[in-house]
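Undergrad: Okay, so the sequence shown: first residue is 167 according to the numbering used here, each after it adds one.
Glycine included, C-beta positions come from ideal geometry on N, C-alpha and C.
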Amino acid sequence: MASIYKSAVGQQRIRDWCVGQLQSWHVPHDCRVVVAHGVETHVVSAGGGDVTVVYLPGTNFNAASSLPLAEVMAGRYRVVLVDVPGQPGLSDGHRDAATGSKQWCGRWLDELLAQVASGPVVVMGHSYGGAIAMSSTSPLIGGRLLVSTAGLRRLRISIPVLVAAGAWLVFPRPSTSVRLLRLMLAPDHQARPALVEWMTLVAEHCRSSGSPSSVPFRRSKTPTAVAVGAHDIFLPPAALRSVVRERFGRKLTVVPGSGHLVVEEAPQELMAVLDTVVEDMTPDYPPAP
């Protein structure tokens, strides 16, 4: 099986960065590796409480690159951050995992949830992670929050994105990472230095993968919210409103002042949406003192 990494040295560089970020994270947490659907999957657990939120990052992102969002969520919930197999990070790095079918992703998530939670969970997925969240039929899923999610509409790839992504892949350096990230963020927003460093490492050492254009999803009573940044360059709100209403019977939440990386830009606003999913899932939460 082909690796997503260009070399063993590059894989180690990626792993070292992730381990370093997690070791320096001031929020109490624990890390472990579980085997789900035959592949090693690295998970980070933080926070506590009666509700577990399992977070699935988007393409090229992972637990270590998602710590600002995780810190906000861990203040209220037990959070499980997942390194998706086939994406850069601490999980299985084989190409087969990155290009697995929707059925494969669904079975992987089914098995993973059974190992990281004992009761109903909210699965929160960003971009590619949202598509994976829709692929699972696990009875443990009590709610979903899909953020700038793939799998509903084909991502819009504009000429500026193609040019910036091409430069990022061919000339991996901080300047090209910043250029690409600027398009993924809202206007006037700047990427934090750690994210620029991460994207540069990914371009230098990894073979990036795409996201699915559509994921079949059966109607269910599972509370599901969909949020998107007002300035999302890949999934403009206008492209999602009707499909969200048709599939989930809910209104799309548009987060102002945010782009595709709304998980970076507006964690507090996403927490408010997450709270509504938890309330719909568990009407009696929080428990009476």
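Take the Cβ of R244 as the centre, count every other Cβ of all protein chains shown within 10 Å, and call the residue buried at 16 or more, exposed below.
TA: Here the question's residue 244 lines up with position 78 in the sequence shown. With 16 or more other Cβ atoms within 10 Å, it is buried.
Undergrad: Please go through the region 208 to 285 and give each complete alpha helix (DSSP H) segment of 4 or more residues, from N-terminal end onward.
TA: Listed in chain order, the complete alpha helix (DSSP H) runs (minimum 4 residues) inside the region 208 to 285 are 233 to 240, 261 to 264 and 268 to 282.
Undergrad: Please identify the residue among V289, S424 and D216 whose C-alpha is closest to the C-alpha of L351.
TA: Taking the first residue of the sequence shown as 1, we reach residue 351 at position 185. Residue S424 is the option with its Cα nearest to L351.
Undergrad: Look at the Cβ atom of V429, then the Cβ atom of V394, and state whether they are nearer than 8 angstroms.
TA: Translated into positions along the sequence shown, residue 429 becomes position 263. Translated into positions along the sequence shown, residue 394 becomes position 228. No, the Cβ-Cβ distance between V429 and V394 is not below 8 angstroms.
Undergrad: Hey, quick one: how far does the beta strand (DSSP E) through L312 stretch, first residue to last?
TA: The count along the sequence shown starts at 1 and reaches residue 312 at position 146. Where L312 is concerned, the enclosing beta strand (DSSP E) stretches over I307 to V313.
Undergrad: Who are the near neighbours of P326 in its chain, counting only those whose CB is closer than 7 angstroms to its CB and skipping five residues on each side?
TA: Start at 1 with the first residue of the sequence shown, and residue 326 comes out as number 160. These residues qualify, in order along the chain: L349.
Undergrad: If we require 4 or more residues per run, which alpha helix (DSSP H) segments fall completely within the region 167 to 200?
TA: 174 to 189, all fully within the region 167 to 200.
Undergrad: If you drop the 5 nearest sequence neighbours on each side, which residues of the same chain put their C-beta closer than 6 angstroms to that of W315?
TA: The residue given as residue 315 occupies position 149 in the sequence shown. The identity of residue 315 in the sequence shown is Thr, whereas the question assumes Trp. Only G296 meet the Cβ criterion.
Undergrad: Taking V368 as the reference, which of A331, Q281 and P389 has the closest Cα?
TA: The residue labelled residue 368 in the question sits at position 202 within the sequence shown. Nearest option by C-alpha distance: A331.
Undergrad: If distances are taken between C-alpha atoms only, which option among G255, G317 and L247 comes closest to Q178?
TA: Counting from 1 along the sequence shown, the entry for residue 178 is found at position 12. Of the listed residues, the one whose Cα sits closest to Q178 is G255.
Undergrad: I believe L306 touches A280 by the beta-carbon criterion, under 8 angstroms. Please report the beta-carbon distance rounded to the nearest angstrom.
TA: The sequence position of residue 306 within the sequence shown is 140, counting from 1. The sequence position of residue 280 within the sequence shown is 114, counting from 1. With 8 angstroms as the limit, L306 and A280 qualify as a contact, their Cβ atoms being about 7 angstroms apart.
Undergrad: Is DSSP giving T442 helix, strand or coil here?
TA: As a working mapping, residue 442 is identified with position 276 in the sequence shown. Looking at T442 - three-state DSSP - the assignment turns out to be helix.
Undergrad: Compare the C-alpha of K172 against each of H192, K417, G309 and Q253 and name the closest.
TA: Here residue 172 corresponds to residue number 6 of the sequence shown, with the count starting at 1. Nearest of H192, K417, G309 and Q253 to K172, Cα basis: Q253.
Undergrad: Assuming T419 is part of the beta strand (DSSP E), what are its boundary residues?
TA: Start at 1 with the first residue of the sequence shown, and residue 419 comes out as number 253. Looking at the DSSP string, the run of the beta strand (DSSP E) that includes T419 is T419 to V421.
Undergrad: Excluding the five sequence neighbours on either side, which residues of its own chain have a C-beta within less than 7 angstroms of the C-beta of V344, listed in chain order?
TA: To locate residue 344, count along the sequence shown from 1; it is residue 178. A357 and V362, listed in sequence order.
Undergrad: Please confirm whether P389 and V443 have their CB atoms less than 8 angstroms apart.
TA: Along the sequence shown, one-based indexing puts residue 389 at 223. Along the sequence shown, one-based indexing puts residue 443 at 277. For P389 and V443, yes; Cβs fall inside 8 angstroms.
Undergrad: Among Q187, H192 and G285, which has the Cα closest to the Cα of A240?
TA: Reading the sequence shown from its first residue, position 74 is the one you call residue 240. Of Q187, H192 and G285, the residue nearest in Cα terms is H192.
Undergrad: Just checking, does the region 409 to 416 make contact with the region 194 to 214 on the three C-beta pairs under 8 angstroms criterion?
TA: Not touching, per the Cβ criterion.
Undergrad: Could you check whether M365 and L335 sit closer than 8 angstroms to each other, using their CB atoms as the reference points?
TA: Taking the sequence shown and counting its residues from 1, one reaches residue 335 at position 169. Taking the sequence shown and counting its residues from 1, one reaches residue 365 at position 199. No.
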